[in-house]
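Residue numbers for the sequence shown follow my numbering, beginning at 3 and rising by one. These notes concern the structure reproduced below.
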Amino acid sequence: MKKNNVHDEDQQWFTEHMGAELQRFDDAYERREPELAPLDSFVASHKLALRKKLWRDLALFWLVAAMLLLGMLWILERDWIWFAALQLLVAISAIGYIGFVHRKKGREQWKNN
3 MKKNNVHDED QQWFTEHMGA ELQRFDDAYE RREPELAPLD SFVASHKLAL
53 RKKLWRDLAL FWLVAAMLLL GMLWILERDW IWFAALQLLV AISAIGYIGF
103 VHRKKGREQW KNN
């Protein structure tokens, strides 16, 4: 560990020998700060586009949900056995898919054995 006066001498030597070159380098490659007005307009336009996209996605979700619900109600009205069979098929398929993904993820994980 250097003593305080040795550190001060090193700092003084560095400033004397390298200070002018470092200052010239900093002056040559000075970074400009961006203007705030274009950045604000970019953020505002991005927020507006994102809001429109989210509303479109929400409307699409409600449309698909309504179609599925109406389809399920129509099948239930026509024949409740087909409704129960479809519900059972969907439940079994979902459980199988989750089990397949879980098993695949378990095989891909690195084990420390």
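Note that CB positions come from ideal geometry on N, CA and C, so glycine has one too. Since this is a predicted model, take the numbers as computed values, not measurements.
Q) Residues in its own chain within less than 6 Å of Met3 by CB, not counting five upstream and five downstream? A) Confidence at Met3 is low in this model, with a pLDDT of 48, below 50, so the placement of that residue should be treated as unreliable; the coordinate-derived value is given next. Only residues of its own chain outside the window of five on either side were considered, and among them none has a CB closer than 6 Å to the CB of Met3.
Quick one: Cα of Leu90 to Cα of Gly73, how far? If you draw a straight line from the Cα of Leu90 to the Cα of Gly73, it is about 16 Å long.
Taking the C-alpha atoms as reference points, what is the distance between Gly101 and Glu35?
-> Taking C-alpha positions only, Gly101 is separated from Glu35 by approximately 53 Å.
Alpha-carbon spacing of Ala67 relative to Leu60, whole angstroms: A direct Cα-Cα distance of roughly 10 Å separates Ala67 from Leu60.
- Query: Would the beta-carbon of Ile77 fall within 8 Å of that of Phe85?
  - Reply: Yes, they are a contact pair.
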